[in-house]
Structure formats: C-alpha cells, structure tokens
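Residue 228 in the UniProt record's numbering sits at position 228 of the sequence shown; the count goes up by one each step and never skips.
Glycine included, every Cβ here is placed at the ideal spot set by N, Cα and C.
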Amino acid sequence: MPDMHNSPRLLIVLSLMLAAVVACDRGKAPETPAAAGAPGAVSPEPGEAPLDEGPVELNDVSEVTADYVIGISFPPSAMKYPGLAAELKRYADDARADLMQAVAARSPEETGSMYDLSLTFTQVTDTPLVFAIAADGSSYTGGAHGSPLLARFVWLPGENRRLRAADLIAEGEGWDAVSSMVRERLHTALSQRLDADDLEPAERSRMMRDAGRMIDDGTGPEAENYSEFEPVTGADGRVTAIRFVFPPYQVGPYSDGEQVVELPTELLLPHIVPEYRKLFADL
C-alpha cells in the first residue's frame, strides 16, 4: 500500500473524487450563462437581435506562405467609431475567407502565380457630420488578373450609423436625375479618352458603342448602382459634393480601371432626402 504522506498525486485524485461525490449529493447544478457559450455570454432569445459583442480590434495583417500572400491595413482613425470598425472588419474578414476558400480548392497540380489578397482602408473624410473610409485592393486567385475590391463606408457620428445611397436619395425622380447626370459625364469622359487614343474612325465607333453600352447598363436609376460614394467636404465640415466611385467592369472594361463621377451640391441638393440636407453646404 502506498504511503499517502509521500504521494501528493494520490491526494489530489482523492480530493477530486470527494468533490465529485459532494456535487452528486447536491443534485445537478443549474446551467450558468457560460455553459451555453463563451464565458459570461448570454444567448439571445429566438428572434432577437444578436447581443453587442463590444468593440472590435482592427489589426493590420501581413501573412506570407508558400501558397498565398495577404496584406491588409487600417488607418488608426478607423477605431473612432466601434460600429464602423465592425463593418470594416467584416468586409476584410469576408475578403480573406474568399481567398482561403480558393486556396483550399486549388488543385495540387496547378502551377503558376501565387494567390494573394491586398486590401487597404484609407480615411477620406473626417468631420463632426460625416466620417468616411475607402477600401481598395484586389484578390488574385488565378487568371489574367486579380478581382478588384472596392467599397466605401460613410458614417454619421451624430446618429452612430452608416449612411447608404438608398438613404440619401429617395427612389423615383431623384435617382433618375442622378443617373442622367452620371451617364452624361461618363460618356463625355469616354469620348475624350478615345479622342486621345487617335483611333481609326471605325475602331473608335466600335469602342464608343461597346463601352457606352456598359455605361448605360451600370448606371441605371437604382440605388445599388451608386452604393460606393464619398462625401467631399468644405472647411466648415459640410458636404460640397458627392463622389460616386465605380469599380472596373461596372461602367467600362477592366483596362479602364476605377471610374469616378463627382456631382456638386447645387445639382444634388434638390434630390436629397430632407432629413439629410443638413449635411450639405448652404447654397
């Protein structure tokens, strides 16, 4: 028989067994909030909105492996508004998840360029009325070139929420007017680019027709076509113009890259929802 005074491990085991017996005698302990999930977490009732998980951390990512490269960067100011920071993180996490899914599905026999994700978040506006972050980058998972990544996040500090294009301009005549103005400027810019290329008349006509069709298809009077926009602000912090940003393929071929149309306040204000006219400069 072992000497209990010289067997610390045996004493520990006996203590644990005794604790288990006491617990059984007392009956089953009630479930604590931590038992259903993370420590201290309380699950929402069915149908309720998820509970606030608190502020998120936006950490730059630099990851290099034999199969892929990832680079993601955030400006320090992106942490000013936790709700906005959560949206930025969600966008970055989704882009990373898409890349990793492609990496996992890649055939071992496939050779060629390394897969990569490059994503940069940049502050474009910071006033008491509006705060905006631009996300730009690309994800390469094979093919001739990478897939563009482009998003704009406009935050209203006073309301602690994101401002979307559908909030800013009401459906109907407002978007009809915006569509008409944007199309006119894109067609003019296209014509000027083709003139600078000094093309043969037949080739110029063909490119004008094909690219013009892409402009018309990508600038219909629906809010989703104008979802990526930046507020341009003056010295007083009010909006003096809206810059609509279009990724490659929406209003032109990949070779044309990102395209931008800026509409000044005097043209936009008649179509702005009354609730948000306070954001704009006085005329």
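ask   = Can you name, in chain order, every residue of its own chain whose Cβ lies under 8 angstroms from the Cβ of residue 225, other than the five neighbours on each side?
value = The residue given as residue 225 occupies position 225 in the sequence shown. Excluding sequence neighbours, residue 225 sits near 179, 218, 219, 250.
query = So is residue 58 buried or exposed if we call it buried at 16+ other beta carbons inside 10 Å?
reply = Position 58 of the sequence shown, counted from the first residue, corresponds to residue 58. Per the 10 Å Cβ criterion, buried.
request  = Return yes when the Cβ of residue 190 is within less than 8 angstroms of the Cβ of residue 215, no when it is not.
outcome  = Here the question's residue 215 lines up with position 215 in the sequence shown. Here the question's residue 190 lines up with position 190 in the sequence shown. For residue 215 and residue 190, yes; Cβs fall inside 8 angstroms.
ask   = Whose C-alpha, out of 163, 74, 160, is nearest the C-alpha of residue 60?
value = Counted from its first residue, the sequence shown places residue 60 at position 60. Here the closest residue by C-alpha is 74.
query = To the nearest angstrom, how far is it from the Cα of residue 81 to the Cα of residue 63?
reply = Within the sequence shown, residue 81 is the residue found at index 81, counting from 1. Within the sequence shown, residue 63 is the residue found at index 63, counting from 1. The straight-line gap from Cα to Cα measures roughly 27 angstroms.
request  = Measure the C-alpha to C-alpha separation of residue 229 and residue 277 and round it to an integer number of angstroms.
outcome  = One-based indexing of the sequence shown puts residue 229 at position 229. One-based indexing of the sequence shown puts residue 277 at position 277. Taking the straight line joining both Cα atoms gives about 17 angstroms.
Residue environment, residue 111, which counts as buried when at least 16 other CB atoms sit within 10 Å = Numbered from its first residue, the sequence shown carries residue 111 at position 111. The residue in question, residue 111, is exposed, as its Cβ has fewer than 16 Cβ neighbours within 10 Å.
CA nearest to the CA of residue 117, picked from 78, 96, 170 = Position 117 of the sequence shown, counted from the first residue, corresponds to residue 117. Comparing Cα positions, the closest option is 96.
inquiry  = Can you look up residue 281 in the DSSP assignment and give me helix, strand or coil?
reply    = In the sequence shown, residue 281 corresponds to position 281, counting from 1. The answer is coil: DSSP assigns residue 281 none of H, G, I, E or B.
key: Where residue 183 falls, given that 16 or more other Cβ within 10 Å makes a residue buried   = Sequence index remark: in the sequence shown, residue 183 carries index 183 (1-based). Counting Cβ neighbours within 10 Å, residue 183 comes out buried, since at least 16 surround it.
request  = Taking residue 262 and residue 241 to be in contact with their CB atoms under 8 angstroms, please state how far apart those CB atoms are, rounded to whole angstroms.
outcome  = Mapped onto the sequence shown, residue 262 falls at position 262. Mapped onto the sequence shown, residue 241 falls at position 241. Their Cβ separation, rounded to whole angstroms, is 5 angstroms, which keeps residue 262 and residue 241 in contact under 8 angstroms.
Every unbroken alpha helix (DSSP H) within the region 182-210, with a cutoff of 4 residues, ordered by chain = none
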